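Q: The structure follows.
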Amino acid sequence: MTKILVIEDEKLVRENIIDLLAAEDFDTIAAANGRIGLDLALSQTPDLILCDLMMPEVDGYGVLTRLREKPVTASIPFIFLTAKSARTDFRQGMDLGADDYLTKPFTRTELLNAIASRLTKQASLAKQVSTKFDVQTFSPKQQMIEMFLRRAIEREEFEQFLVYYQPIVDIHSGRIIGAESLLRWQHPELGMVTPTELIPLAESTGLILPISDWVLKNVCQQMKLWHNQGFTDLRIAVNISANQLKQPNFTEKILHLLLVNNLVPDCLVLELTENIIMPDINQAISTMNEIHSYGVKIAIDDFGAGYTSLIYLKQLPIHTLKIDRYFIQCIANDVQKAIITTALIQMAHNLNLHIVAEGVETEQELAFLRQHKCDAIQGFFFSHALPAAEFEKILVAKKRLNMSTV
Ligand SMILES: [Mg+2]
Numbered sequence: 014m015t016k017i018l019v020i021e022d023e024k025l026v027r028e029n030i031i032d033l034l035a036a037e038d039f040d041t042i043a044a045a046n047g048r049i050g051l052d053l054a055l056s057q058t059p060d061l062i063l064c065d066l067m068m069p070e071v072d073g074y075g076v077l078t079r080l081r082e083k084p085v086t087a088s089i090p091f092i093f094l095t096a097k098s099a100r101t102d103f104r105q106g107m108d109l110g111a112d113d114y115l116t117k118p119f120t121r122t123e124l125l126n127a128i129a130s131r132l133t134k135q136a137s138l139a140k141q142v143s144t145k146f147d148v149q150t151f152s153p154k155q156q157m158i159e160m161f162l163r164r165a166i167e168r169e170e171f172e173q174f175l176v177y178y179q180p181i182v183d184i185h186s187g188r189i190i191g192a193e194s195l196l197r198w199q200h201p202e203l204g205m206v207t208p209t210e211l212i213p214l215a216e217s218t219g220l221i222l223p224i225s226d227w228v229l230k231n232v233c234q235q236m237k238l239w240h241n242q243g244f245t246d247l248r249i250a251v252n253i254s255a256n257q258l259k260q261p262n263f264t265e266k267i268l269h270l271l272l273v274n275n276l277v278p279d280c281l282v283l284e285l286t287e288n289i290i291m292p293d294i295n296q297a298i299s300t301m302n303e304i305h306s307y308g309v310k311i312a313i314d315d316f317g318a319g320y321t322s323l324i325y326l327k328q329l330p331i332h333t334l335k336i337d338r339y340f341i342q343c344i345a346n347d348v349q350k351a352i353i354t355t356a357l358i359q360m361a362h363n364l365n366l367h368i369v370a371e372g373v374e375t376e377q378e379l380a381f382l383r384q385h386k387c388d389a390i391q392g393f394f395f396s397h398a399l400p401a402a403e404f405e406k407i408l409v410a411k412k413r414l415n416m417s418t419v
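FYI, in our numbering the residues of the sequence shown are 14 to 419.
Shown next as structure tokens:
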């Protein structure tokens, strides 16, 4: 837990800050003056110090100067809190080695942002210093994200989560045949948290389960709305996590969602990566068979990037292979990628699988895939992942892939 020392002589301000930090799951220590603050900093070595500038006895400058003299406390991130906003005071604090400066009154967001930014900076410095130790713990930024994520889920603030849709386009007709749904998290304080920050953290903490349930529900409802508008062939893919696949009632959950939304099972595609399937292949095959028996489609996502033995491809009840973007990038100029991708397309067709190329960004890549009879593509060349309303616009407008590329 991140420990923060608050040195502030005004009782009300001090208590407000402590309450706010405690509510965000920080470990807090309070000091009513500079002298106590110095003692606590030395004895407790907090991860960050918030310190008022104007205090009797030892003021903020005095505290910082003494902390910087001692090796144990010299590098603790230090943020000044002050009612002064004069340029000279700011300069003096920074010259002494303060890391940041908050002018009172500050908002909760300003305070949390300043803390997050300092902790992140400190973590990346620590990483540079100790690159020889491969520490697998969460960085302060990740801890911050985890904390907010836990809170959002406990409070069921699902309105912070958004589902984006990236179109999947038939390469021959140019028509949108479906979309991959992708989770986004727009946090009021953290801003847009990227999937690469969010997903691994949500997976490792188990928080992925409530989020995934929400995504599946949301996607099924949205898909039904689009089917009702006449886009009845539209198939939406949902990324499934390892934790979800292991749930004993996973199949029932899916079937329930299809039933309550009056959807035919084959409009739902579950995307599984090789890395999710392989660690417990027998269990995965059994669950996949069960789901598949009801007509739900299964796609292997990021194919080629993991370690699926090709032998299993025959055993897995799959409908689609999605070639990992790595193989597609610059495919027209990379002989090896071209050979592998061509072979993958042929293999997929021989196994009666639908094959989708991920991450198609250029006309050359599209031309290569069209020439080698890939079935469908997904990527920036046609469209980024879009909010539901934007995706609907291009559906209604019947946006198509440029067919002049041969
Ligand atoms: Mg995917």
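Virtual Cβ for every residue (Gly too), placed ideally from N, Cα, C.
Computed from a predicted model, the values in this text were never measured in an experiment.
Go ahead and pull the three-state DSSP assignment for GLU405.
A: If DSSP states are grouped into helix, strand and coil, GLU405 belongs with the helices.
Q: Of all the beta strand (DSSP E) runs that stay within the bounds of the region 342-370, which reach a length of 3 or more residues?
A: Within the region 342-370, the complete beta strand (DSSP E) runs of at least 3 residues are 367-370.
Q: Taking just the CA atoms, how far does GLY392 sit from ILE336?
A: Cα to Cα, the separation comes out at about 12 Å.
Q: If distances are taken between C-alpha atoms only, which option among THR264, GLU210, GLY219 and ILE31 comes closest to LEU229?
A: Selected option, being the one with the closest Cα: THR264.
Q: Go ahead and pull the three-state DSSP assignment for MET416.
A: Note: MET416 maps to coil in three-state DSSP.
Q: What separation, rounded to the nearest whole angstrom, lies between the Cα atoms of SER299 and ALA35?
A: Taking the straight line joining both Cα atoms gives about 45 Å.
Q: Just the residues with CB closer than 5 Å to a heavy atom of ligand 1, in chain order, which are they?
A: Per the Cβ criterion, the list is ASN252, GLU284 and ASP314.
Q: Out of curiosity, what's the CA-to-CA distance linking VAL148 and TYR74?
A: Here VAL148 scores only 41 on pLDDT, less than 50, and its place in the model is too uncertain to base an answer on.
Q: Among VAL71, ILE62, ASP102 and GLY110, which residue has its Cα nearest to the Cα of GLU82?
A: Of the candidates VAL71, ILE62, ASP102 and GLY110, the one whose C-alpha sits nearest the C-alpha of GLU82 is GLY110.
Q: What residue does the beta strand (DSSP E) around GLY191 start on, and which one ends it?
A: Its beta strand (DSSP E) spans residues 189-200.
Q: Determine, using beta carbons only, whether ASN57 and LYS16 come nearer to each other than 8 Å.
A: The sequence as given places Gln at residue 57; Asn does not occur at that position. Yes, Cβ-Cβ distance for GLN57 and LYS16 is below 8 Å.
Q: Within its chain, find whatever has a CB closer than 6 Å to the CB of PHE39; leave out the 5 residues flanking it on each side and keep chain order.
A: Same-chain partners within the cutoff: THR15 and ILE17.
Q: Touch check for the region 271-282 and the region 235-247: three-plus C-beta pairs under 8 Å?
A: Enough Cβ pairs lie closer than 8 Å, so yes.
Q: Report yes or no: do the region 362-371 and the region 337-354 share at least 3 C-beta pairs separated by less than 8 Å?
A: In short, these stretches touch, since the Cβ pair count reaches three.
Q: GLU202 to ILE31, Cα distance in whole Å?
A: Going from the Cα of GLU202 to the Cα of ILE31 covers about 18 Å.
Q: So, is ASP52 buried or exposed, given that buried needs 16 or more other C-beta atoms within 10 angstroms?
A: Exposed.
Q: Quick check on the burial criterion: 16 or more other C-beta atoms within 10 angstroms. Buried or exposed for ALA410?
A: Per the 10 Å Cβ criterion, exposed.
Q: Measuring alpha carbon to alpha carbon, tell me which residue in MET301, LEU94, GLU169 and ALA401 is nearest TRP227.
A: TRP227 has its Cα closest to that of GLU169, out of MET301, LEU94, GLU169 and ALA401.
Q: So what does DSSP say about LEU382, is it helix, strand or coil?
A: Correct three-state label for LEU382: helix.
Q: Would you kindly check if the distance between the Cβ of GLU287 and the Cβ of PHE425 is under 8 Å?
A: In this structure the chain extends from 14 to 419, so residue 425 is not present and cannot be described.
Q: Rounded to a whole number of angstroms, what is the C-alpha to C-alpha distance between LYS259 and ALA398?
A: Each residue's alpha carbon lies about 28 Å from the other.
Q: DSSP on ILE441, reduced to helix/strand/coil?
A: Any property of residue 441 remains undetermined from this structure, which presents the chain solely from 14 to 419.
Q: Give me the Cα-Cα distance between GLN155 and MET68, rounded to the nearest whole angstrom.
A: The straight-line gap from Cα to Cα measures roughly 34 Å.
Q: Between the Cα of ALA361 and the Cα atoms of PHE404, LYS327 and ASN29, which residue gives the shortest distance?
A: Among PHE404, LYS327 and ASN29, the Cα nearest to that of ALA361 belongs to LYS327.
Q: Helix, strand or coil: which one does DSSP assign to ASN241?
A: Residue state, collapsed to three classes: helix.
Q: Hey, out of PRO90, GLU193 and ALA297, whose CA is closest to PRO261's CA?
A: Cα-wise, what sits closest to PRO261 is ALA297.
Q: Which ranges does the beta strand (DSSP E) cover as unbroken runs of at least 3 residues, wholly within the region 17-98, from first to last along the chain?
A: Counting only runs of 3 or more, we get 40-44, 61-65 and 91-95.
Q: Can you pull the DSSP bridge partners for ARG248?
A: Note: ARG248 sits in a beta bridge opposite GLY191.
Q: Of the choices GLU376, ASN46, LEU220 and LEU124, whose alpha-carbon is the least far from that of LEU61?
A: The option with the nearest alpha carbon to LEU61 is LEU124.
Q: Mind checking GLU70: buried by the 16 CB within 10 Å criterion, or exposed?
A: Result: exposed.
Q: Quick check: the Cα distance between THR207 and ARG48, rounded to an integer number of angstroms?
A: Taking the straight line from one Cα to the other gives about 42 Å.
Q: Less than 8 Å between the beta carbons of GLN199 and GLN235, yes or no?
A: Their beta carbons are not under 8 Å apart, which means GLN199 does not touch GLN235 by this criterion.
Q: According to DSSP, what are the bridge partners of LYS335?
A: The partner list for LYS335 (beta bridge, DSSP) reads VAL369.
Q: What did DSSP end up calling MET236 once you bin it into helix, strand or coil?
A: In the structure shown, MET236 sits in a helix (DSSP, three-state: H, G or I).
Q: Under three-state DSSP, which class holds TYR325?
A: Here TYR325 sits in helix by DSSP.
Q: Can you list, in chain order, the residues of its chain whose CB lies under 6 Å from that of ASN415, leaving out five sequence neighbours each side?
A: Excluding residues within five positions, none has a Cβ falling inside 6 Å.
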